[in-house]
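Engineer: Protein chains in written order, with the working numbering: chain D, 1 to 433; chain H, 1001 to 1433. Ideal placement from N, C-alpha and C gives every residue a C-beta, glycine not left out. The structure follows.
Following this line, the structure appears as structure tokens:
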């Protein structure tokens, strides 16, 4: 059974703190294994990739077949039914339109000292996207990772995707094609991350690696961080629904279950000011659980990490939600815009009863790669910003240097950095000669 | 002696690759020690901080004296000479003015389906800044870390700074006051990072930790990453100067030395199309080295990691610089703006001979916390963006859901995520009833 809490109860704070502190993922200690795999790929390149793919994916590759050929991709994509292709294209168009608005602007101005200041954004040159194999091989995630990279202007975009027993997911390949991906390699695990970070004879290295993966992939991304950039390390998915008494219990139950069905460690929380709705949603969850294909997973998630919290008013609901800092937040209330104003920490907000979280997973437009495990307190979802970087610009004139140079010299000397001071002084002396 | 290379030589590629690959920092293996310290602070809180500060800083604290009192700060600040105070205030004003332009904008729009989409930026609630003690206790770094946080709207900003033998740097305290820092604790090392991340009886936890530190501090930041956000882990400083034959050899030599004097692992590189200038700068470096107070450090850095590269033309210089992706790039050439257009990877660019890099360390306005070790290929200097995070917004209308909902359902089913599909279908069914 999920946790039921009433925010007016005496022991609420203790129980809520427990909910916040619950550790929802026990990654096995894979770090040593991953370190060995990375060392192997660095030492033996393609040969290591081929051996490891034979071992883990039961697939015999050669340097020539590490990468999907154009004709293989075309042949597999041809299998995709028309409605799925249309849906993927609609999703891609909407994601692209949303992310194009994220491109940051360059700036350059002259300040009152006469100094010219500013910054310029440039794309990462090459990026690699990890796409999981098997059941968790989601074409929607290919779009969500690849489109922001291409919008940012990344020139070379490579995908790595394991194909256990040689079985590829045609929809993943189609999503890659629609998003403009340049290279697709049939490798996975820590070895694929190592190949992207360090390069092999066949695979040139990239500058940034994004995309979800299992504990081995996460550990490998942590290890290559610094050599390349990485995105966040995603934890299990989460949803928090704030609903008033007019919420539709059936819809809310399905929204809660759409997180729960992802993973036994996923978390679904309902906060409501209506005890009647709390009861009705709980009943609806139990009813839907009976018919879900993934009911074993969803039921375990709801039982172990689910929570229903009754509050006196919606302000309290917003305050509690801010302490959770959920990945997904649905506001199924009469005035969702007003309530959204009170939200300070959340990865994505879905406003009103007509906006199920699943819309955001596929076709809404915003990214579905979002901060988990309370990290929305300090981080953001994936965006174009993850594939660009800022170079700051400064240009002094003689007059500007005369105006502000002496202060730089004073501070350099106070920090005992003599050459810093002299580099300014030498120019000021020249100006005074 | 530094490396001398000519880009036309046959073996240039090999030598240049070696320069790029040189490992300039051997952090001792401190990770186990740091893990123990963090566990101790989590278990014993203030008591652990007090014991560790007695041990490492030879300073006996109590829970009451962990934090600097207002009157202590005022008394120490009163010692600061007027010219240093003025310089710090000028620097703070300029840094604030620059960073205020970085505040990102919210967006909210209605697309052609009728869906309302957008995003909203909110500040991190609480941030902690690490300030090293002793020689590397730089007031300028306090400004560079604290001002972007305050511009972003961070409500609670705490500094941790070790005070070995109880000796505090009055300029650091003054910089903190000018920048609007709310709390200052006299603790350092991994224990200070642990206290900021997990909190103790006296120190409330923060959401994000930034600021430079030694190998212990860097290892601690890596370990608490995820529980809180961190900034980049900074490596040794770097400068690359591109100069034509009209460059002033004396100024360029001092600019190269102003990085070299930071650290024996710092790196200074000159790329020029003038063999005469290359020679003159080298001579000037040797001459200035004789008189520098920090000549032992600067000479070791120049000898072990310095490089002078002669190229046929400045386009080649830009291309080589892009492969280095330097932290600081000076363009001491006749037309620095034109050359800057060819730069794709650099932390900060200093345009023209009147802009010594030291201006950027103190009073230029842009941040001096910049990506090192070639990470300008994929990351940016510290900015307001490090202290805000984006929440995406989506609001469907019945019409919008009718238009795009079926595609979401199709994709959910193709990914075998049944509850996702049902959450959309339940609403569509209602609309069709």
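If you count every other CB in all the chains shown that lies within 10 Å of the CB of residue 211/D, and 16 or more means buried, which is it?
Structural biologist: Classification of residue 211/D: buried, given that the 10 Å Cβ count is 16 or more.
Engineer: Could you tell me which uninterrupted beta strand (DSSP E) segments, each at least 3 residues in length, are contained entirely in the segment 326-352 of chain D, listed from first to last along the chain?
Structural biologist: As far as the segment 326-352 of chain D is concerned, its whole beta strand (DSSP E) runs of at least 3 residues are 328-332 and 348-351.
Engineer: Please list, in chain order, the chain H residues whose beta carbon lies closer than 9 angstroms to that of residue 221/D.
Structural biologist: What residue 221/D touches in chain H: nothing, since even the nearest Cβ is about 12 angstroms away.
Engineer: Less than 6 angstroms between C-beta atoms, sequence neighbours within five positions excluded: which residues of the same chain meet that for residue 1245/H?
Structural biologist: Excluding sequence neighbours, residue 1245/H sits near 1274 and 1277.
Engineer: Within 10 Å of its beta-carbon, does residue 1261/H have 16 or more other beta-carbons around it, so buried, or fewer, so exposed?
Structural biologist: Answer is buried; the Cβ neighbour count reaches 16.
Engineer: Can you say whether residue 1329/H is buried or exposed, counting buried as having 16 or more other CB atoms within 10 angstroms of its CB?
Structural biologist: By the neighbour-count rule (16 or more Cβ atoms within 10 Å), residue 1329/H is buried.
Engineer: Within the 8 angstroms Cβ cut-off, does residue 1395/H reach chain D?
Structural biologist: Closer than 8 angstroms to some Cβ of chain D, the Cβ of residue 1395/H qualifies, so yes.
Engineer: Residues of chain H with CB closer than 7 angstroms to the CB of residue 101/D, please, in chain order.
Structural biologist: Correct list: 1107.
Engineer: Give the range of the beta strand (DSSP E) segment to which residue 1178/H is assigned.
Structural biologist: Looking at the DSSP string, residue 1178/H is not in any beta strand (DSSP E); the run it does join, the alpha helix (DSSP H), is 1170-1179.
Engineer: Using a beta-carbon distance cut-off of less than 8 angstroms, what residues from the segment 223-238 of chain D approach chain H?
Structural biologist: Answer in chain order: 226, 228, 229 and 233.
Engineer: Quick one: is residue 1418/H near chain D, going by C-beta distance under 8 angstroms?
Structural biologist: Closer than 8 angstroms: yes.
Engineer: Any idea what DSSP makes of residue 1123/H, helix, strand or coil?
Structural biologist: Strand.
Engineer: Along the beta strand (DSSP E) that carries residue 435/D, what are the first and last residues, could you check?
Structural biologist: With chain D covering 1 to 433 only, the question about residue 435/D has no answer from this structure.
Engineer: Assign residue 129/D to one of three DSSP states: helix, strand, or coil.
Structural biologist: The answer is strand: DSSP assigns residue 129/D an E or B state.
Engineer: Note the first and the last residue of the continuous alpha helix (DSSP H) segment covering residue 392/D.
Structural biologist: Here residue 392/D belongs to no alpha helix (DSSP H); instead the beta strand (DSSP E) covers 388-395.
Engineer: If we count the other Cβ atoms within 10 Å of its Cβ and call it buried at 16 or more, is residue 1314/H buried or exposed?
Structural biologist: Burial call: buried.
Engineer: Give the residues from the segment 1289-1301 of chain H that approach chain D closer than 8 angstroms (Cβ to any Cβ), ordered along the chain.
Structural biologist: Under the 8 angstroms Cβ criterion, the segment 1289-1301 of chain H contributes 1292, 1293, 1294 and 1298.
Engineer: Counting only the same chain and skipping the five closest in sequence on each side, list residues whose C-beta sits under 6 angstroms from that of residue 202/D.
Structural biologist: Cβ within range, chain order: 46, 63 and 66.
Engineer: If contact means a Cβ-Cβ distance below 7 angstroms, which residues of the segment 1315-1329 of chain H contact chain D?
Structural biologist: Those would be none; no residue qualifies.
Engineer: In the structure shown, what three-state DSSP assignment does residue 186/D receive?
Structural biologist: Reduced to three states, the DSSP call for residue 186/D is coil.
Engineer: With distance defined between alpha-carbon atoms, name the residue in 1364/H, 1374/H and 1060/H nearest to residue 1099/H.
Structural biologist: When each option's Cα is compared against that of residue 1099/H, the closest is 1364/H.
Engineer: Anything in the segment 1254-1286 of chain H with a Cβ closer than 7 angstroms to a Cβ of chain A? List those residues in chain order, please.
Structural biologist: The question asks about chain A, but that chain is absent: this structure's protein chains are D and H.
Engineer: Taking contact to mean at least 3 C-beta pairs separated by less than 8 angstroms, is the segment 377-384 of chain D in contact with the segment 1154-1168 of chain H?
Structural biologist: No, because fewer than three Cβ pairs between the segment 377-384 of chain D and the segment 1154-1168 of chain H fall closer than 8 angstroms, the two stretches do not touch.
Engineer: Buried or exposed for residue 144/D, going by 16 or more other Cβ atoms inside 10 Å?
Structural biologist: Counting Cβ neighbours within 10 Å, residue 144/D comes out buried, since at least 16 surround it.
Engineer: Can you find a CB in chain H that lies within less than 8 angstroms of the CB of residue 367/D?
Structural biologist: Taking Cβ atoms only, chain H reaches closer than 8 angstroms to residue 367/D, which makes this a yes.
Engineer: Going by beta carbon distance, what residues of the same chain come within less than 7 angstroms of residue 1392/H, once the five residues before and after it are set aside?
Structural biologist: Around residue 1392/H: 1119.
Engineer: Do the segment 147-161 of chain D and the segment 90-108 of chain D make contact, defined as three or more Cβ pairs closer than 8 angstroms?
Structural biologist: The answer is yes - the segment 90-108 of chain D touches the segment 147-161 of chain D, with three or more Cβ pairs under 8 angstroms.
Engineer: Which residues in the same chain have their Cβ closer than 6 angstroms to the Cβ of residue 292/D, if we skip the five residues on either side of it in sequence?
Structural biologist: Same-chain partners within the cutoff: 298.
Engineer: Which chain H residues are close to residue 216/D, counting only those with a beta carbon under 8 angstroms from its beta carbon?
Structural biologist: By Cβ distance, chain H contributes nothing, its closest Cβ being about 17 angstroms from residue 216/D, past 8 angstroms.
Engineer: Please name the residue, chosen from 72/D, 390/D and 83/D, that lies closest to residue 1343/H on a Cα-to-Cα basis.
Structural biologist: Of the candidates 72/D, 390/D and 83/D, the one whose C-alpha sits nearest the C-alpha of residue 1343/H is 390/D.
Engineer: Return no unless some Cβ of chain D is closer than 8 angstroms to the Cβ of residue 1162/H.
Structural biologist: So no, residue 1162/H is outside the interface.
Engineer: In angstroms with no decimal places, state the Cα-to-Cα distance between residue 51/D and residue 38/D.
Structural biologist: Looking at the two C-alpha atoms, the distance is approximately 13 angstroms.
Engineer: Using a beta-carbon distance below 8 angstroms, is residue 90/D in contact with chain H?
Structural biologist: So, interface residue.
Engineer: Considering only their Cβ atoms, is the gap separating residue 235/D from residue 130/D smaller than 8 angstroms?
Structural biologist: Against a cut-off of 8 angstroms, the Cβ pair of residue 235/D and residue 130/D comes out as no contact.
Engineer: According to DSSP, residue 67/D sits in a beta bridge with which residue or residues?
Structural biologist: Residue 67/D pairs with 185/D.
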